[in-house]
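Residue numbers for the sequence shown follow my numbering, beginning at 7 and rising by one. Ideal placement from N, C-alpha and C gives every residue a C-beta, glycine not left out. All figures in this text were calculated on a predicted structure; none of them were measured in a lab.
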Amino acid sequence: MLFSAVQIRIDYLIEKERFQTNLDTLLVYQSDQLALALQQYHNTAVQLIFEGLMLDRSIVSVYVDDDLSGYSQRRGLSADDLKNDLLQPYLLEKTVDLLGNNLVEAHFEKIGSLTVWIDKREIHTEFRERAAMTMALEVVRNLLLVLALVVIFYQRLTRPLGELIRQLQGIVPGCTEQPPVICQERLCELQALTGKINYLLTSTAAELRRCQQEEQNARQEQQVLEHEMQACNRALKNSKSQLQQRFDELERTQRLLSHSQQMASLGYLVAAITEESNQPLAESEQQVKQWLASDGRDHPPGQLVRLRTNLEQVHRRINELHVLASPEPRQSLDLAALMQKVVAEQSFNERINLVIETTPIPGIECVESQVRLAFRQLLANAREALGSESGKITIRLETVNDTVCVSIRDTGEGMDATAVNSWIHADWGVPENGLGLAEVAIVMAYHSGDLTIDSELGVGTQVMLTFPVATLSSSASSAAS
């Protein structure tokens, strides 16, 4: 039992050291991935890394803090739960620094920290159960062995010795009538019993040596298996590193593609604003020249109205460009209330059935003027899609996972697949309604959101805006640049 207890203690220390090594390796690897996710403002990647850490049941809480933007995220037990007096003695806190690449100075610097809290009771739960079972079996085995030895000694040694002593006590010294044969027989029995005891002890010693040899062989096999497992872990880590490199390359390619699409949208927007502004300016210039040539006489009122309309249109285009180029500071807004205001500003004919469906949604950090412009453009497009015919426009605001979705569906003519695939370059919407989806795409890119279109020819069109709930303050400067 003492040998088993020492062996269990050694196994416990080895298991504890292995846990610390694996934990340090895991935190170092995950800290690199988390630093990359924070630099890219990839909230989904941060959540996936947290879920990977929480798979270890000994980790009860994870917390990350970004020093640059002030962004923080926690998973597991809250800060108040960690301060519980009953839980404090069992908590182990480990913190690692997050190092990010400084592109300006070409070196790594600390951008934040990752902290995990570990419940020490969960580290060796399975080991303690296994050790308790081993000790219990060892105690039962030793008790059975002691009981067997007691029975054997009683049957083969104690009882024969008792009978021999009683017979020796009955022998009278000097009496020749007592047959010495009886003593001789008992002496032979005693010698045979002694031989059996010696054989039992020898067999027990041989069995003990055999068990020790088997245990040594098992330890050697375990060491070989551990070396093989370490080699497999290294190969798996290398494969994972290669996959991560390919994933990073794919993300970089996607970012370049997204950037090229945004630049194409911006170029189209600038070209469209220039084209739309040149025409009313040219007409206005021509009308002013005609008016000056006539010395202000015979100038029809309709031309003045047309001149004012052209100037208002140019003014509206300049205001839209100003909203996109010089955004206001972000503030927390209720998108449902903002949508109600935009709907109230629009004019719909009596044949259009306008339905607004809302569910409880959180506030969004956004630029009110830009989001208002996007809502106004989409509602104008939906109204123009219906035209003078009767139809229905459905507006729905809801929360999906960590995003707020705003969808606008109309029952107009819809678009085919070709028109949907080239929507960013399509003149969807009349000129009086602005530049349509090109402006909406830029607004959503500035807010790190998504713009999707689902349309079927002859059925209608649905445009969905997806706003992230957790918006980093530093993402505004990145999108603006």
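Please classify Pro-368 as buried or exposed, where buried requires at least 16 other C-beta atoms within 10 Å of its C-beta. exposed
Measure the C-alpha to C-alpha separation of Leu-104 and Ala-211 and round it to an integer number of angstroms. 59 Å
Determine the burial state of Thr-417: buried for a count of at least 16 other Cβ atoms within 10 Å of its Cβ, exposed for fewer. buried
Determine the extent of the alpha helix (DSSP H) in which Asn-348 is found, giving its start and end residues. Going by the sequence as given, residue 348 is Val instead of Asn. Counting along the chain, the alpha helix (DSSP H) containing Val-348 begins and ends at 341–351.
I need the DSSP call for Met-450, collapsed to helix, strand or coil. helix
Return the CA-CA distance between Asn-387 and Arg-402, expressed in angstroms with no decimal places. 16 Å
Going by the beta-carbon positions, is the gap between Ser-375 and Glu-419 smaller than 9 Å? no
Separation of Ser-67 from Glu-221, as counted between CA atoms: 40 Å
So, using beta-carbon positions, are Gln-46 and Glu-257 closer together than 9 Å? yes
Any beta strand (DSSP E) of 3 or more consecutive residues that is wholly inside the stretch 99–156: 113–125
Tell me which same chain residues have a C-beta within less than 7 Å of the C-beta of Ser-64, skipping the five on either side of it? Ile-124, Asp-125, Glu-128 and Ile-129
Would you call the stretch 378–386 in contact with the stretch 446–461, where contact means no fewer than 3 C-beta pairs closer than 8 Å? yes
Spatially closest choice to Glu-195 from Gly-118, Ala-154, His-233 and Thr-164, by CA coordinates: Distances from the alpha-carbon of Glu-195 to those of Gly-118, Ala-154, His-233 and Thr-164 put Thr-164 closest.
So for Pro-95, helix, strand or coil by DSSP? The answer is helix: DSSP assigns Pro-95 an H, G or I state.
Segment contact flag, the stretch 73–92 with the stretch 44–63, C-beta cutoff 8 Å, min 3 pairs: yes
Whole-angstrom distance between Arg-216 and Glu-227, CA atom to CA atom: Their backbone Cα atoms lie some 16 Å apart in a straight line.
Taking the straight line between their C-alpha atoms, what separation do you get for Met-421 and Gly-466? Approximately 8 Å, taken between the alpha carbons.
Pairs of beta-carbons, one from the stretch 468–476 and one from the stretch 448–458, closer than 8 Å: are there three or more? The count of Cβ pairs closer than 8 Å, one atom from the stretch 468–476 and one from the stretch 448–458, reaches three, so the stretches are in contact.
For the stretch 362–439, which segments carrying the alpha helix (DSSP H) assignment without a break, of at least 4 residues, lie completely within its bounds, in sequence order? Qualifying alpha helix (DSSP H) stretches, in chain order: 374–392 and 423–427.
I need the straight-line Cα distance from Gln-53 to Leu-42, nearest angstrom please. 13 Å
Going by Cα to Cα distance, which pick from Tyr-452, Leu-463 and Ala-342 is closest to Ala-425? Leu-463
Alpha-carbon spacing of Val-349 relative to Leu-88, whole angstroms: Distance between the alpha carbons of Val-349 and Leu-88: 48 Å.
Using 8 Å for Cβ pairs, my map puts Gln-36 next to Leu-61. What's the rounded Cβ distance? Leu-61 and Gln-36 do not touch by the CB rule: their CB atoms are close to 11 Å apart, not below 8 Å.
Would the beta-carbon of Asp-17 fall within 9 Å of that of Ala-138? no
Short of 7 Å in beta carbon distance, which residues of its chain neighbour Ala-391, apart from the five on each side in sequence? Order them along the chain. Asp-416, Gly-418, Glu-419 and Thr-467
Residues bridged to Gln-468 by DSSP? Arg-415 and Asp-460
In angstroms, rounded to a whole number, what distance separates the CA positions of Thr-365 and Ala-343? 12 Å
Which of the three DSSP states is assigned to Asn-73 in this structure? First, the residue type needs correcting, since residue 73 is Asp and not Asn in the sequence shown. If DSSP states are grouped into helix, strand and coil, Asp-73 belongs with coil.
How big is the Cα-Cα spacing for Lys-100 and Phe-159? 59 Å
Tyr-18 in three-state terms, based on DSSP: helix
So what's Gly-58 in DSSP terms, helix, strand or just coil? helix
Evaluate Phe-253 with the Cβ neighbour count: other Cβ atoms within 10 Å of its Cβ, from every protein chain shown; 16 or more gives buried, anything less gives exposed. That one is exposed.
Take Phe-25 and list the residues in its own chain whose beta-carbon comes closer than 6 Å to its own, dropping the five residues that flank it on each side. Ile-129
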